[in-house]
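Q:
Numbering (our numbering), first residue to last: 54 to 345.
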């Protein structure tokens, strides 16, 4: 007589709750609040009176908002905001052009060579990203004085361009490594030289990385305060947006109807630029890791 077989009862296995997703969301919320609250206070306070700023800093009542203080900041005799924009844009364009012209070819050579010395050269540039620019100010000042470029536009542009090269070369080289070398070989067979291969074949394919670096370099030059304050100096008569804001609000540090509107005028172009081009920054930083 065969033994009776009991039916197999399916057991319900409870899966542990995934807490990683909620942890990431909570972290992002906290970081967003920490970043957005100061920005909210800056924008709202630029349209409020001194009394309202001190009594109700977070309030957003339409009857309390006015553009009077923003107009005064735009016509502040201590700081010509239009001239500050023009000087800063000149520096931004010059630095970006020189950075692309220098970092692009260097990155191409490093990416296309497999010798150990080129890998060491790349590591040398990567190490440069860990050096704070403030540490370089003193030797740079002596160098620019020796060359007669202290307090001049070319001296400041060369220094700012130098600061952009380490990370630019690192990003460009990583992206070029994902571009098939067969494109270079096909162009060389057609008689194209190394320079033409890079600028006509490889460089157009680097658009995501180049756009990313242009945006990051723009933010860096626009927000820089220490370097233009020291290298250009008050004697040059050249004020960037940041140094101009400092000159305009330093004597009115407790008058928030001057401080907040002036600061808003200084950062407004960057806010607009970031909102419009943020997707290019993200795609450019990840393109080298996902392409090919």
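Glycine included, C-beta positions come from ideal geometry on N, C-alpha and C.
Looking at residue 159 and residue 222, is the spacing between their C-beta atoms short of 9 Å?
A: Taking 9 Å as the cut-off, the beta carbon of residue 222 is found closer than this to the beta carbon of residue 159.
Q: Which residues mark the beginning and the end of the alpha helix (DSSP H) in which residue 7 is found?
A: Outside the shown range of the chain, which is 54 to 345, sits residue 7, and nothing can be said about it.
Q: If you reduce the DSSP assignment to three classes, tell me which class residue 173 lands in.
A: Residue 173 carries a helical assignment under DSSP once its states are collapsed to helix, strand and coil.
Q: Take residue 285 and list the residues in its own chain whose beta-carbon comes closer than 7 Å to its own, dropping the five residues that flank it on each side.
A: 204, 209, 291
Q: Rounded to the nearest angstrom, what separates residue 279 and residue 271 at their Cα positions?
A: Computed Cα separation, rounded: 16 Å.
Q: So does the segment 123–135 actually touch the segment 185–196, counting three or more Cβ pairs closer than 8 Å?
A: no
Q: Report all residues from its chain with a CB closer than 7 Å to the CB of residue 300; omit the five preceding and five following residues, and keep chain order.
A: Correct list, in chain order: 131, 132, 292.
Q: Buried or exposed: which applies to residue 101, given that a residue is buried once 16 or more other Cβ atoms fall within 10 Å of its Cβ?
A: In summary, residue 101 is buried, with 16 or more beta-carbon neighbours lying within 10 Å of its beta-carbon over all protein chains present.
Q: When you compare the segment 226–240 with the segment 105–115, are there three or more beta-carbon pairs, one atom per stretch, that lie closer than 8 Å?
A: no
Q: Kindly indicate the opening and closing residues of the alpha helix (DSSP H) around residue 299.
A: 294–302
Q: Helix, strand or coil for residue 116 per DSSP?
A: helix
Q: Using the three-state DSSP reduction, which class does residue 232 fall into: helix, strand or coil?
A: Residue state, collapsed to three classes: coil.
Q: Nearer than 8 Å: is that true of the beta carbon of residue 298 relative to any heavy atom of the ligand MN?
A: Summarising the ligand content, the structure contains no ligands, and the ligand MN is consequently not present.
Q: What's the C-alpha gap between residue 183 and residue 106?
A: Spanning the alpha carbons of residue 183 and residue 106 requires a straight line of approximately 40 Å.
Q: Count the CB pairs spanning the segment 251–262 and the segment 215–232 that are closer than 8 Å, and state whether there are at least three.
A: yes
Q: In the structure shown, what three-state DSSP assignment does residue 77 receive?
A: helix
Q: Only counting runs of 3 or more residues, tell me where the beta strand (DSSP E) segments fall wholly within the segment 137–210, in order along the chain.
A: none
Q: Do residue 250 and residue 219 count as a contact pair if the criterion is CB distance below 9 Å?
A: Against a cut-off of 9 Å, the Cβ pair of residue 250 and residue 219 comes out as no contact.
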